[in-house]
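Working notes, beginning with the structure itself.
Protein chains: 4
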Amino acid sequence: MEKLIITAAICGAEVTKDHNPAVPYTVEEIGREAEAAYKAGASIIHLHVRNDDGTPTQDRERFRACIEEVKRRCPDAIIQPSTGGAVGMSNEERMQPLGLNPEMATLDCGTVNFGGDEIFVNSENTIIEFGQRMIELGIKPEVEVFDKGMIDSAIRLAKKGYIREPMHFNFVLGVNGGISATVRDLSYMAGSIPSNATFTVSGIGRAQFPMAATAIAMGGHVRVGFEDNVYIAKGIPAKSNGELVEKVVRIANELGRAIATPQEAREILGMRG
Amino acid sequence: MEKLIITAAICGAEVTKDHNPAVPYTVEEIGREAEAAYKAGASIIHLHVRNDDGTPTQDRERFRACIEEVKRRCPDAIIQPSTGGAVGMSNEERMQPLGLNPEMATLDCGTVNFGGDEIFVNSENTIIEFGQRMIELGIKPEVEVFDKGMIDSAIRLAKKGYIREPMHFNFVLGVNGGISATVRDLSYMAGSIPSNATFTVSGIGRAQFPMAATAIAMGGHVRVGFEDNVYIAKGIPAKSNGELVEKVVRIANELGRAIATPQEAREILGMRG
Amino acid sequence: MEKLIITAAICGAEVTKDHNPAVPYTVEEIGREAEAAYKAGASIIHLHVRNDDGTPTQDRERFRACIEEVKRRCPDAIIQPSTGGAVGMSNEERMQPLGLNPEMATLDCGTVNFGGDEIFVNSENTIIEFGQRMIELGIKPEVEVFDKGMIDSAIRLAKKGYIREPMHFNFVLGVNGGISATVRDLSYMAGSIPSNATFTVSGIGRAQFPMAATAIAMGGHVRVGFEDNVYIAKGIPAKSNGELVEKVVRIANELGRAIATPQEAREILGMRG
Amino acid sequence: MEKLIITAAICGAEVTKDHNPAVPYTVEEIGREAEAAYKAGASIIHLHVRNDDGTPTQDRERFRACIEEVKRRCPDAIIQPSTGGAVGMSNEERMQPLGLNPEMATLDCGTVNFGGDEIFVNSENTIIEFGQRMIELGIKPEVEVFDKGMIDSAIRLAKKGYIREPMHFNFVLGVNGGISATVRDLSYMAGSIPSNATFTVSGIGRAQFPMAATAIAMGGHVRVGFEDNVYIAKGIPAKSNGELVEKVVRIANELGRAIATPQEAREILGMRG
Ligand SMILES: [Mg+2]
Ligand SMILES: [Mg+2]
Ligand SMILES: [Zn+2]
Ligand SMILES: [Zn+2]
Ligand SMILES: [Zn+2]
Ligand SMILES: [Zn+2]
């Protein structure tokens, strides 16, 4: 089997220090968490940024500062800014980090409920606009999907030339509104992507490690981090993103998967490197 | 196997006489199409209504007039008004037909892209509000889902008491933004509902009859009609909803499934009758 | 979608005139049934032969006589002798028809219970021997499988060079001892073969037409005939193999699949032609 | 999730000291390996016995001696003798350990190739005979299956009263001739058993721990041991069955599954206890 790519989603846009005091807000904290994950074995840093008070922002200068800090601490890591943004942001606001020429960035391929009144909105035209911008800028998309139909949308839009192939997917499983986080669902999602595509899985909450272990068993890849889960075990907050990555590494060791370096991850993902 | 329930979605909110001149707008036309479907074997009439110019409306009085016309022509049919409405409508506008005390009504269990800039919006709180209203009024919901995660949402909300069980699902397969219309997808969806639930499948466009045939082979049920497809065969517009239903009946005959009367449909669906 | 290949399994080794008086035993009867199937739309004649008393035989001269009769009546049909034989036959006895240089022949890829004390025995070494012989003689195998693991065996042996690719499978579904005949199973089997492979499905008994309809909906191909089922509808014996093929053609017409001629079937299957 | 039942298949009938010098042959060695597995967390000891030279036997007295030794060392463990036997044994020879009134015993539900010329033969009539004997003697069967169709056979025979329900399955995945050992296959098998059934999975060879981890993630149960795999990691022979069980326990700990005691296992399996 291929070596295992671990993506660390160290921050997210919604989880706060109330959930876990180690959730990073400041540039320094972002750097600290990225470094802990990187040293533990993460090759990709999936990056949201916050204002110092913890509110989410897509501000390009904030992204610039954070990316520089992450690069300083994790020289060869692949940095993957999120274009998810927050409710009410325009597409241009959301796309600001693309202007910093990152190697990767997220491309959310559909609209999905997030519980209560919250809806994560990405119309087809938005997907097309983001996908085309990434093609123009030579940025590898991480195709983020919350349900099976989003894979179908991504494949359809890739065929039309709006998303570059081979595609790398992230399956977010277990959101209230998306597909649930079961082995059956993960197996179905993985069987639905093109044969030249790759994937990571993000299990939300307590599904994080069961989904990670299953992906490792399948030959897939794994995303962990505070964005998706803040506990190292039931009821026990993780001390850092590094601790979450270490746990994935231990499971991978048990199952005989070696961990990919950032350079090996670039090769597996078909990136310029 | 159980007898086959055929739901006729005779009108929809989006398809027009430009797509097929037999698409009904007026009360008279709605009645004509419902009757054709009913005589051909449909036991459930899934109902959207239009103004005379074809624009969609959720107006209660328009629903009242159409339902009376359908009842006159199809005395024992199960009438299932849509609560889908159109972009920009409030929940109260969308729920107007519930006030007419129909036996069934649609309950859309999530938000999904419909292509271009169009999004069909049903937040979790909207689902809860509609589900509770139907429980209060004793209306059997047709749980409409466009992707696997919507089934998971419906199950989760039913467990919390917001949707009455046993649930009857309609899988809409092949929308640009939802799960695709393949045998694999249909089999997966059918395997994802509770063991006491029932389902129909709506294949969009040219998927209508392949999905119908597969559902018949599975022991599931079928929805057809102009809302989902206006062609009787490739490139040939259907003359009426009745012609579409007749085709499903012929396929059912080939596969040895008898057609349920409205009364038999009520029993299969666990309705008061 | 590709045109539909219909294989007619007109005779089998076990079904008798007691099951249906139209089951063919003599050379003349074999010819009559093959012709009826061919005229109705079958492009492949899957062939077992019998002695005049109905007992199964793998005798080369009996195969020669039957093949000549079939060729006389169905000039361009693809003739596919069975190598299945009967209990207690040696491999050489079973392989006799291969000496007649047919275009195709069956290659059973595993051992499976047939109910009671009966076991259809094909050890791995037998599969290898038959597969190699077909490679030497330039005969396209129809890889016959009764369970999912047999697909895995075929793929493993093909990788080792014992079965020529691309492979054409026949999924026999619903034997007592093999995988059951459900849409879920058919979908799973079809999703388990290599991307360059093709398949027909044989549903046993009353599963024949539901499995055929589903395969048509999937873009797969269909085998029907007295070997698998002797009824045209519940409790009504089919008058001929032609009547069974006609029913498949009607279903295909309803679902918009055109029927492949023998020459088109050769192209779809990647045969020399 | 339920606590995790670990079955230790400490010996098997085919693996030898040439594969791993810790494979047990003598009564003392069997006892040693059972104890190591039990102390590490196994609640069920799946038991084959050997003559002192390592050849397999179904001799009742040898089983008696081994069972006594295992009971002495593992007082409350569930002991599950195999009725698999070896090629050429009669059903009565194979069923000898049933006469010792064990709590459980294996019931192989079909015939499958084992590679080369080897076939593991269990006709339908054999399954019925073994199943009925276990019902008469009040022995809980471990329904052993090597392919999907064997599950279907077990369900069919249980409906006819030949196998007592609820059934506990062991999925043996990855035998040359059976279904392969992938997450997709395991998910499919688990989705194919009755809702009141339980299962363990045995991944053969290097699939042992990936399949174990996936079963843990699914809420299923696990079988490990020398019968299925003799390596603790790639190229490194396990020192004992205990070491293999310890590894499963570590993975379960990472995934938050507690380990069932023998008494808890009896409750989960619906046994008299
Ligand atoms: Mg969705
Ligand atoms: Mg088998
Ligand atoms: Zn994110
Ligand atoms: Zn509608
Ligand atoms: Zn045959
Ligand atoms: Zn065993």
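Chains as they are written, first to last, in our numbering: chain W, -3 to 269; chain F, -3 to 269; chain L, -3 to 269; chain H, -3 to 269. Idealized CB from N, CA, C, for every residue including glycine.
With a cutoff of 6 Å, L:E10 does not count as near ligand 5, since its C-beta is closer than that to no heavy atom of the ligand. Residues of chain H with a Cβ closer than 7 Å to the Cβ of L:V117 are, in chain order, I115. Look at F:S149: its C-beta is under 7 Å from a C-beta on chain W. When only Cα atoms are considered, W:T196 and W:A211 end up about 8 Å apart. H:E138 has its Cβ no nearer than 6 Å to any heavy atom of ligand 6.
Placement of the Cβ of L:E161 at a distance of 6 Å or more from every heavy atom of ligand 5 is found. Rounded to the nearest whole angstrom, the C-alpha separation of F:V108 and F:F116 is 5 Å.
When distances are taken from the beta-carbon of F:S78 to the heavy atoms of ligand 4, the shortest one is below 6 Å.
Residues of the segment 98 to 112 of chain F whose Cβ lies closer than 7 Å to any Cβ of chain W, in chain order: G106, T107, V108, N109, G111 and G112. A Cβ of chain W is located within less than 7 Å of the beta carbon of F:E120. Listed along the chain, the chain F residues whose CB falls inside 9 Å of the CB of L:V171 amount to none; the nearest CB is some 18 Å away.
For L:P77, the beta-bridge partners assigned by DSSP are L:L43. In this structure the segment 180 to 190 of chain H lies against the segment 135 to 147 of chain H, because at least three pairs of beta carbons, one per stretch, are closer than 8 Å. For W:E138, there is no enclosing alpha helix (DSSP H); the residue is part of the beta strand (DSSP E) that begins and ends at K136 to V141. Relative to ligand 5, even the nearest heavy atom lies 6 Å or more away from the CB of W:E239. Within chain W, the C-beta atoms nearer than 7 Å to that of H:S183 come from V179, R180 and S183, in chain order. Looking at the DSSP output, L:D104 bridges to L:E140. Within chain L, the C-beta atoms nearer than 9 Å to that of F:F205 come from A213, E250, L251 and G252, in chain order.
Taking the CA atoms as reference points, F:L0 sits about 16 Å from F:E138. At a cut-off of 4 residues, the continuous stretches assigned as alpha helix (DSSP H) that sit fully inside the segment 200 to 266 of chain H are 204 to 214, 237 to 251 and 258 to 264.
When the five nearest sequence neighbours on each side are left out, the beta carbons in the same chain lying within less than 7 Å of the beta carbon of L:L265 are those of K136, H164 and T194, in order along the chain.
In the structure shown, the three-state DSSP call for F:T194 is strand.
Excluding sequence positions up to five before and after H:G81, its CB lies within less than 7 Å of the CB of Q54, E89 and R90, all in the same chain and listed in chain order. The beta carbon of W:E31 sits closer than 7 Å to the beta carbons of R69 and C70 from its chain, once the five residues preceding and following it are set aside; these are given in chain order. In terms of side-chain proximity, the C-beta atom of F:E223 is found nearer than 6 Å to a non-hydrogen atom of ligand 4. Within chain L, the residues A209, T210, I212, A213, I247, E250 and L251 have their CB atoms less than 8 Å from the CB of F:A209, given in chain order. Against chain W, the CB of F:G145 has a partner CB under 7 Å away; the residue lies at that interface. By the Cβ test, the segment 213 to 224 of chain L is in contact with the segment 0 to 12 of chain L, since at least three Cβ pairs between them sit closer than 8 Å.
Counting C-beta atoms within 10 angstroms of its own C-beta, W:N237 has 16 or more neighbours from the protein chains shown and is therefore classed as buried.
The beta-carbon separation of L:D104 and L:E140, rounded to 5 Å, stays under the 8 Å limit for a contact.
Partner residues in the beta bridge of H:H164, as assigned by DSSP, are H:E138 and H:T194. Setting aside the 5 residues that flank it on each side, L:A9 is surrounded in the same chain by H44, P52, G80 and A82, each with a C-beta closer than 7 Å to its C-beta; the list follows chain order.
Distance from W:L96 to W:R60 at the Cβ level is roughly 6 Å; contact confirmed, criterion being Cβ atoms closer than 8 Å.
Following the DSSP letters along the chain, one finds F:A4 inside the beta strand (DSSP E) bounded by residues I2 to A5. When L:A150, L:N172 and L:K155 are compared, the shortest CA-CA separation from L:N166 is found for L:A150.
Under the Cβ distance rule, H:S86 does not count among the residues neighbouring chain L, no pair being separated by less than 7 Å.
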